[in-house]
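Engineer:
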Amino acid sequence: MEVDVQSKPMNGWSVITGYSYNNTAYTNSNIYEDGSRLRYNPAHTANLSLFYNFSSAFGNNTFLRGLSAGFTTYYVGDKLAGRNPRLVDPNTGKPWTTADANKMISIPNYTQFDASLGYSYDRVSVRVKLANLLNELSYNMHDDNSVNPIAPRNFSATASYRL
1 MEVDVQSKPM NGWSVITGYS YNNTAYTNSN IYEDGSRLRY NPAHTANLSL
51 FYNFSSAFGN NTFLRGLSAG FTTYYVGDKL AGRNPRLVDP NTGKPWTTAD
101 ANKMISIPNY TQFDASLGYS YDRVSVRVKL ANLLNELSYN MHDDNSVNPI
151 APRNFSATAS YRL
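Taking full-length UniProt numbering, the leading residue of the sequence shown gets 1, the next gets one more, and so forth.
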């Protein structure tokens with residue numbers, strides 16, 4: 001289930017928010033235990049972004065009218081990595097006889113905060129972003145045993161010119 005809402009509640013403000021619930025589990029599998037949760041999939045995710053465009057607040061002040069600011073937060077619920085509990089070895093069709101049958105790694109939930117500031121004037125736009133403000137530590141998972149940290153606090157800047 002997923003719900004997304006986008007709104008412009010007041011002049012200059014923009015709000016984007018979303019929530020997702022995923023109940024992912026194996027059913028009717030001849031290899032994995034029925035009901036065992038799929039790897040890499042958090043049950044809950046959520047996001048909230050607030051943006052403000054200063055254009056309306058400063059009327060005829062052309063310098064400040066191009067200024068915008070934003071704040072975004074992401075929540076990613078706990079998830080599992082590693083190998084799901086297996087009933088049989090898919091290569092032999094026989095029951096697992098080793099501890100290799102169940103190697104799950106629990107990754108706790110995390111929340112990340114980002115902030116951005118932008119400015120546009122005529123055809124030129126610049127934007128700076130500070131991501132992972134609190135330097136949250138969590139992980140992304142790939143394949144059976146690959147666990148990689150998310151990006152630490154970082155800074156980015158972009159510039160564009162419209163023809």
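Glycine included, every Cβ here is placed at the ideal spot set by N, Cα and C. Model, not experiment: these values are computed from the prediction.
1. Shortest alpha-carbon distance to P149 belongs to which of A157, T158, S156 and N132?
2. Name the DSSP bridge partner or partners of D4?
3. I need the straight-line Cα distance from L50 to R162, nearest angstrom please.
4. Can you tell which of F113, N84 and S116 has the C-alpha that lies nearest to the C-alpha of Y26?
5. To which residues of the same chain is V5 closer than 6 Å at the C-beta, ignoring the five residues directly before and after it?
6. Relative to the C-alpha of F113, which candidate in P9, T92, M104 and T73 has its C-alpha closest?
7. Please list, in chain order, all residues of the same chain as G118 whose beta carbon is under 6 Å from its beta carbon, the five residues on each side excluded.
8. Just checking my contact of Y110 with S138 at CB under 8 Å: how many whole Å lie between their CB atoms?
9. Mind checking N28: buried by the 16 CB within 10 Å criterion, or exposed?
10. Does the separation of the CB atoms of K79 and N41 fall below 9 Å?
11. On a Cα-Cα basis, can you pick out the residue from N22, D89, A81 and R86 that is closest to A105?
12. With distances taken from CA atoms, which of F54, N91, S125 and N53 is nearest I31?
13. Counting only the same chain and skipping the five closest in sequence on each side, list residues whose C-beta sits under 8 Å from that of residue 164.
Structural biologist: A quick look at the data gives this:
1. N132
2. G18
3. 25 Å
4. N84
5. T17
6. T73
7. S68 and R127
8. 4 Å
9. exposed
10. yes
11. According to the sequence displayed, residue 105 carries Ile and not Ala. Among N22, D89, A81 and R86, the Cα nearest to that of I105 belongs to A81.
12. N91
13. A question about residue 164 goes unanswered here, because the residues of the chain that appear run from 1 up to 163.
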